């Protein structure tokens, strides 16, 4: 016997909110999780590069 | 104390030497080397940083975003000191977790013991190398047996022939390390001046074929070791 499920009615406000959610989530996530900047020896000056070299051993 | 006259001149010469060594050892490309040399000549911050290093010595200063430096005074075998720039290793950044052990062979004179060991601890710190030498445990026993055991257990050896004119024991230790195929740094004093307490005497002909780090002062030796160590460790698969 087939079971009938009553459809829920969703308010238009909620629908609009749900539509916006993925984009908003992405934007806030991008704001919160900043990827750690990878040191680039190409942009370092001579002193910075020396300190960087010995800091990694 | 042989302090630099001009901190900027000292710092520039020090880094210039460091980069040349890294370049010839293959750690820097031609482009990188010349870019760094050009920056050393034109960097307006160098003078101020050199002064700060000197004023805050031996406290460290932040050099850019990624590392810290400090100016220390290492010891010459004659009793004087000389300035040296030490790069500090970041906590937890060490590539190799286990420590390396270096057997140190040199003439046991108070002047050499207190300067060479002091200097080497600073130079080896970035690479997590600890020093061992004959009789460092103060225990009684057969010294030659202890030397044999210490060399065989070491990951690398460093020998200094300063003042070995009438005490050539270091050459025996070099022979042992050579026979055990240990990676070895052999420092040869080439300073002149006969009759000084640091006279070295003639070099055994059997060891003439060994590659030596020749020096006339500990300042010269320390720079050669500090700038050359990464290449030596890499070559011997210890880095």
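Protein chains in written order, with the working numbering: chain A, 15 to 71; chain B, 24 to 262.
C-beta atoms are modelled at their ideal positions from N, C-alpha and C, and glycine is treated no differently.
These numbers come from a predicted model, not from an experiment.
**Prompt:** For residue 109 of chain B, which three-state DSSP category applies?
**Reply:** Residue 109 of chain B sits at position 86 when you count from the first residue of the second chain. Residue state, collapsed to three classes: strand.
**Message:** Can you tell me whether residue 129 of chain B is helix, strand or coil according to DSSP?
**Reply:** In the second chain, residue 129 of chain B corresponds to position 106, counting from 1. Of the three classes helix, strand and coil, the one that applies to residue 129 of chain B here is coil, per DSSP.
**Asked** CA-CA distance, residue 180 of chain B and residue 55 of chain B?
**Response** As a first step, residue 180 of chain B is located in the second chain; it is residue number 157 there, counting from the start. As a first step, residue 55 of chain B is located in the second chain; it is residue number 32 there, counting from the start. Going from the Cα of residue 180 of chain B to the Cα of residue 55 of chain B covers about 32 Å.
**Prompt:** Taking buried to mean at least 16 other C-beta atoms within 10 Å of its own C-beta, is residue 184 of chain B buried or exposed?
**Reply:** In the second chain, the residue the question calls residue 184 of chain B occupies position 161. Counting Cβ neighbours within 10 Å, residue 184 of chain B comes out buried, since at least 16 surround it.
**Prompt:** Whole-angstrom Cβ separation of residue 174 of chain B and residue 195 of chain B, contact assumed at under 8 Å?
**Reply:** In the second chain, counting from the first residue as 1, residue 174 of chain B sits at position 151. In the second chain, counting from the first residue as 1, residue 195 of chain B sits at position 172. About 11 Å; that fails the 8 Å criterion.
**Request:** Inspect the CB distances between the segment 226 to 240 of chain B and the segment 209 to 216 of chain B and report whether three or more fall short of 8 Å.
**Result:** yes
**Asked** Using 8 Å as the threshold, is the segment 162 to 169 of chain B in touch with the segment 135 to 151 of chain B, meaning 3 or more CB pairs across them?
**Response** no
**Near-chain B residues of the segment 57 to 69 of chain A (beta-carbon distance less than 9 Å), N- to C-terminal order** = 58, 59, 60, 61, 62, 63, 64, 65, 66, 67, 68, 69
**Request:** Check residue 165 of chain B in the structure and name its three-state DSSP category.
**Result:** Position 142 of the second chain, counting from 1, holds the residue named residue 165 of chain B. Of the three classes helix, strand and coil, the one that applies to residue 165 of chain B here is coil, per DSSP.
**Item:** Any non-hydrogen atom of the ligand ATP closer than 6 Å to residue 165 of chain B Cβ
**Value:** Although the ligand ATP was asked about, the structure shown includes no ligands whatsoever.
**Request:** Could you tell me which uninterrupted beta strand (DSSP E) segments, each at least 3 residues in length, are contained entirely in the segment 174 to 223 of chain B, listed from first to last along the chain?
**Result:** 179 to 183, 207 to 212
**Request:** May I ask you to report which of helix, strand or coil DSSP gives residue 93 of chain B?
**Result:** Counted from its first residue, the second chain places residue 93 of chain B at position 70. Looking at residue 93 of chain B - three-state DSSP - the assignment turns out to be strand.
**Request:** Provide the residue span of the alpha helix (DSSP H) that contains residue 53 of chain B, from first to last.
**Result:** Reading the second chain from its first residue, position 30 is the one you call residue 53 of chain B. Note, residue 53 of chain B: alpha helix (DSSP H), 53 to 65.
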